[in-house]
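Chains as they are written, first to last, in the UniProt record's numbering: chain A, 1 to 405; chain B, 1 to 405.
We treat Cβ as the ideally placed atom computed from N, Cα and C, and that holds for glycine.
Protein chains: 2
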Amino acid sequence: MKIAVLGGDGFCGWPTSLHLSNLGHEVHIIDNLSRRWIDTELGVQSLTPMDSIQERCRIWKEVSGEQIHFHLIDLAKEYYRLRDWLAEEKPDAIVHFAEQRAAPYSMISERHKIYTVDNNINATHNLLVALVETDIDAHLLHLGTTGVYGYSTVGAPIPEGYLDVTIDTPTGPKGMEILYPTKPGSVYHMTKSLDQIMFQFYAQNDGLRITDLHQGIVWGTNTDQTKRHEQLINRFDYDGDYGTVLNRFLAQAAIGYPLTVHGTGGQTRAFIHIQDTVRCIELALRDAPESGDRVKIFNQMTETHRVRDLAELVAKITGAEIAYLPNPRKEAAENELIVKNEHFLDLGLNPVTLQEGLLEEVVEIAKKYAHRIDRSRVPAHSAWTKEIAHRVNHDPEGKHLKSVS
Amino acid sequence: MKIAVLGGDGFCGWPTSLHLSNLGHEVHIIDNLSRRWIDTELGVQSLTPMDSIQERCRIWKEVSGEQIHFHLIDLAKEYYRLRDWLAEEKPDAIVHFAEQRAAPYSMISERHKIYTVDNNINATHNLLVALVETDIDAHLLHLGTTGVYGYSTVGAPIPEGYLDVTIDTPTGPKGMEILYPTKPGSVYHMTKSLDQIMFQFYAQNDGLRITDLHQGIVWGTNTDQTKRHEQLINRFDYDGDYGTVLNRFLAQAAIGYPLTVHGTGGQTRAFIHIQDTVRCIELALRDAPESGDRVKIFNQMTETHRVRDLAELVAKITGAEIAYLPNPRKEAAENELIVKNEHFLDLGLNPVTLQEGLLEEVVEIAKKYAHRIDRSRVPAHSAWTKEIAHRVNHDPEGKHLKSVS
Ligand SMILES: NC(=O)c1ccc[n+]([C@@H]2O[C@H](COP(=O)([O-])OP(=O)(O)OC[C@H]3O[C@@H](n4cnc5c(N)ncnc54)[C@H](O)[C@@H]3O)[C@@H](O)[C@H]2O)c1
Ligand SMILES: NC(=O)c1ccc[n+]([C@@H]2O[C@H](COP(=O)([O-])OP(=O)(O)OC[C@H]3O[C@@H](n4cnc5c(N)ncnc54)[C@H](O)[C@@H]3O)[C@@H](O)[C@H]2O)c1
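1) How would you call B:Tyr-188, buried or exposed, if buried means at least 16 neighbouring beta carbons within 10 angstroms?
2) Bridge partners for A:Gly-155 per DSSP, in chain order?
3) Please identify the residue among A:Leu-310, A:Gly-256, A:Ile-3 and A:Ala-156 whose C-alpha is closest to the C-alpha of A:His-371.
4) Compute the Euclidean distance between the alpha carbons of A:Tyr-242 and B:His-112, then round it to the nearest angstrom.
5) From A:His-343 to B:Leu-42, what does the alpha carbon distance come to, in whole angstroms?
6) Excluding sequence positions up to five away, which residues of its chain have a Cβ less than 8 Å from the Cβ of residue 442 of chain B?
7) For the beta strand (DSSP E) that contains A:Asp-212, what are its first and last residues?
8) Nearest to B:Ala-332 by CA position, among B:Ala-311, B:Arg-306, B:Ala-76 and B:Arg-81, is which residue?
9) From B:Trp-219 to B:Ala-251, what does the alpha carbon distance come to, in whole angstroms?
10) Residue range of the beta strand (DSSP E) that A:Phe-236 falls in?
11) Is there at least one Cβ from chain A nearer than 7 Å to B:Asp-195's Cβ?
12) What separation, rounded to the nearest whole angstrom, lies between the Cα atoms of B:Asn-119 and A:Asp-118?
13) I'd like to know whether the C-beta atoms of A:Gly-185 and A:His-381 end up nearer to each other than 7 Å.
14) Is A:Phe-249 near ligand 1, with its Cβ less than 6 Å from a heavy atom?
15) DSSP on A:Asp-51, reduced to helix/strand/coil?
16) What residues from chain B crowd round residue 463 of chain A, counting only those whose CB sits closer than 8 Å?
17) Could you tell me whether the Cβ atoms of B:Glu-160 and B:Phe-70 are closer together than 7 Å?
18) Which residues of chain A have a Cβ atom closer than 8 Å to the Cβ of B:Leu-163, listed in chain order?
19) Which bits of chain B does A:Trp-37 rub up against, with CB to CB less than 9 Å?
20) Taking the alpha-carbon positions, what's the B:Ala-50 to B:Gln-231 distance?
21) Start and end of the beta strand (DSSP E) containing A:Gly-144?
22) Under 6 Å from any heavy atom of ligand 2, does the C-beta of B:Thr-244 make it?
23) Check for me: the alpha helix (DSSP H) holding A:Glu-356 runs from which residue to which?
24) Can you tell me the Cα-Cα spacing of B:Val-404 and B:Lys-340, whole angstroms?
25) Express the C-alpha separation of A:Met-107 and A:His-394 in angstroms, rounding to a whole number.
26) What's the gap between the Cα of B:Pro-173 and the Cα of B:Tyr-180?
27) Can A:Leu-72 be considered in contact with ligand 1, in the sense that its beta carbon sits closer than 6 Å to one or more heavy atoms?
28) Which residue's Cα is closest to the Cα of B:Thr-385: A:Asn-205, A:Trp-37 and A:Ile-38?
29) Classify B:Lys-113 as helix, strand or coil using the three-state DSSP reduction.
30) Measure the CB-CB distance between B:Ala-270 and B:Gly-348 and report whether it falls below 7 Å.
31) Residue ranges of each alpha helix (DSSP H) run of no fewer than 4 residues wholly in the stretch 54-100 of chain A, ordered along the chain?
32) Three-state secondary structure (DSSP) at A:Asp-293?
33) Ordered along the chain, which non-local residues of its own chain (more than five positions away) have a Cβ less than 8 Å from that of A:Val-132?
34) What do you get for B:Gly-10, buried or exposed, if any count of 16 or more other CB atoms within 10 angstroms of its CB means buried?
35) Determine, using beta carbons only, whether B:Ile-322 and B:Leu-246 come nearer to each other than 7 Å.
36) Taking A:Ile-94 as the reference, which of A:Lys-77, A:Pro-104, A:Ala-103 and A:Ala-130 has the closest Cα?
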């Protein structure tokens, strides 16, 4: 297949591109490299030293003999270039990772809120319009997040996108299947809720073939392909804005920084290893919907964990301390979470679960590059409201950490 | 109160501004005049001769002694000017009409789809961010549409924004109240669905006080205030893109053009007279939610009608013919529609219903300005898909009209 990987220079996109190229697909990365610019803006860098995308593609060619093509296009700002590229290349499938993906970044300031909505909505909508316009019938796979479900406390397992409900009607109760009513908890998550409605519309009006993957928090850094050469190494975000919870704990452990738990750590979240992310994409590509089908929604996650349990596990393995910090987010202190993921299991996914060995592998990588970590960038600073910012800022550096381990 | 009317130069916004000014409020219109530019783009004009907004404000001052202020700001493109204006003027309430509001326009081409999403989402989101940033605690009233409900065929009356559902949980069935699951039928309607989720987020995260008015199709043109001077006349769109169904029929009747019914005319829609629109805004302004409340949603409509029944009524009054044309939209040929509107009735709305006298008044106005109508702009050309466009274009001018009345 000819596959376009939008956002292929990113944390999930790069190993996905390698995985698909390794399977023999013709891979085209489209990326505006905005994430590298955001590193510059924030004055942080990937813990692992990432080469330029051009250099990475060159190394991959050397290692594998396969060519990955790179195209610098901004999906949100360069609609006509995007459309012309699609019309010219006619990919069979498009994997769409190209959005601003950090909840804390999306809440930093007015500018960051506006950027996140403008970038993500226009990127996704431009892509949908271009697919209608070019009529190329490519299968679109989009990365959403389990975060849109909003961690509701109704106590029912979270289905894969659609919820069966009963409503009262004048002629008695009637069953209906609806898009799961989302309750996004940040501007970033909100954009994924909006994406979902755009997908529903374009699938229904134009018969676009769309799969929306509601992904859990990705952890790990290596995949079989990134391991093949030092310069194929994957991005590893450890900072307060882009670092996601488990990888952050592992990096903190590697540098002897107390594990930063927000609030009680009672938040339960869904997780998936990066190796499974790339396998899931492969599986979903093989299971494309037909034109006229509703949007296929899969929960792309393999297990759920409570944040403080993860902290305790990492502390146990590494001897790190745990710091309970004021929570900069507006969210429930504690929640249960049961997420269905039958689709991928049925398609044959054999999940990589949270084994100590794999956790230690990540700690080793973090240790190797520990000299690249700026300790001042480890804590999360972005607060969800001004009131929370005020509260959190009384203890910005975590000076009054209650160490409990 | 000091009230900002965003989109106050438009069809609903102008009479609302006059109405609120007449009640003694300090009214500030913010508009980028994009709708006047779109008239230029499409080569159409309001049936009624509209003066510039500055001239209209001058006449209103002469007639009423009241000042309406006008500010040229693009909500979608000039965030910082919007924010600074709000911080400086601190309005008590904001009525937000400022979006691209025509479904057919939103479907004309790739450019129009992209413009509608970019304009409407950024306009609304910028406003929300500015309210958070300035902390002015203004009550935000937004105009949505009953169109987002998607005319589903479940057979239950459409509630005011929230739906009671029962879901199965491991411990038995459980009740939940959810945002009504929208099924927008055009890019324009889609933007209103997205708005709704943005409102939910900002009410929940930042305690913004928001009322979302899901309005039916507005008909009529005069209100008590627009009648006070010829130059206060309201906009009247008759063309295939911006003209909405009942007003279009009345204008068609006035010039002896067959009433253009799409498909069987079996579509049932919700309606409201422009005089009630302005009263509803007044009522909703008095019934503001508290910070921390969920978004208040009202159905702003007073009656529902089947399109072909309206055509027959207008034909009966005026002697016009009816033309059944191929439907350029992708929608159900026939649908039932029962819409709840208890909120406004409880607040004291005494609806203006479809009386023959009022219909005739509109025909009279249309007749008076009939020389300004370009007959070639009467039919709707914008088709929902390429396939439909192909079908419709075999009869672009309605040459094979089946006249039935
Ligand atoms: N990392 C996670 O834990 C996780 C979890 C759930 C879902 N996701 C989703 O997976 C996707 C990829 O996440 P990631 O961690 O790889 O993020 P990332 O930030 O590392 O990669 C995103 C890539 O998209 C590019 N991009 C952004 N906007 C663009 C635009 N307008 N035009 C072209 N390129 C653009 C960026 O430059 C970047 O290379 C995102 O949509 C994210 O929401 C990620
Ligand atoms: N007219 C109807 O039948 C109807 C029915 C249901 C809902 N509504 C809603 O009511 C609102 C007003 O409708 P209308 O018929 O008066 O529309 P309109 O097009 O006549 O007026 C909208 C006004 O908003 C302005 N505007 C648009 N984008 C802007 C931006 N980015 N910055 C500043 N100003 C901007 C336009 O210049 C215009 O003056 C819309 O939101 C519409 O969706 C209208």
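Well, looking at it:
1) Buried, because 16 or more other Cβ atoms sit within 10 Å of the Cβ of B:Tyr-188.
2) Per DSSP, none; premise fails for A:Gly-155.
3) A:Gly-256
4) 35 Å
5) 48 Å
6) With chain B covering 1 to 405 only, the question about residue 442 of chain B has no answer from this structure.
7) Counting along the chain, the beta strand (DSSP E) containing A:Asp-212 begins and ends at 209-215.
8) B:Arg-306
9) 11 Å
10) Unbroken run through A:Phe-236: none, as it is neither H nor E.
11) no
12) 10 Å
13) The answer is no: Cβ separation not under 7 Å.
14) no
15) coil
16) Residue numbering for chain A in the displayed model covers 1 to 405; residue 463 of chain A lies beyond these limits and cannot be assessed.
17) no
18) Result: Ile-167.
19) Neighbours of A:Trp-37 on chain B: none; closest Cβ ~20 Å, over 9 Å.
20) Strictly speaking, residue 50 of chain B in this sequence is Met, with Ala absent from that position. Their Cα atoms are separated by approximately 7 Å.
21) Note, A:Gly-144: beta strand (DSSP E), 139-145.
22) yes
23) 356-368
24) Note on B:Val-404: pLDDT 36, under 50, position unreliable in the model; the coordinate value appears next. Approximately 33 Å, taken between the alpha carbons.
25) 19 Å
26) 19 Å
27) no
28) Among A:Asn-205, A:Trp-37 and A:Ile-38, the Cα nearest to that of B:Thr-385 is on A:Asn-205.
29) helix
30) No. Outside cutoff.
31) 79-89
32) coil
33) Tyr-202, Asp-206 and Leu-208
34) Buried.
35) The beta carbons of B:Ile-322 and B:Leu-246 sit no closer together than 7 Å.
36) A:Ala-130
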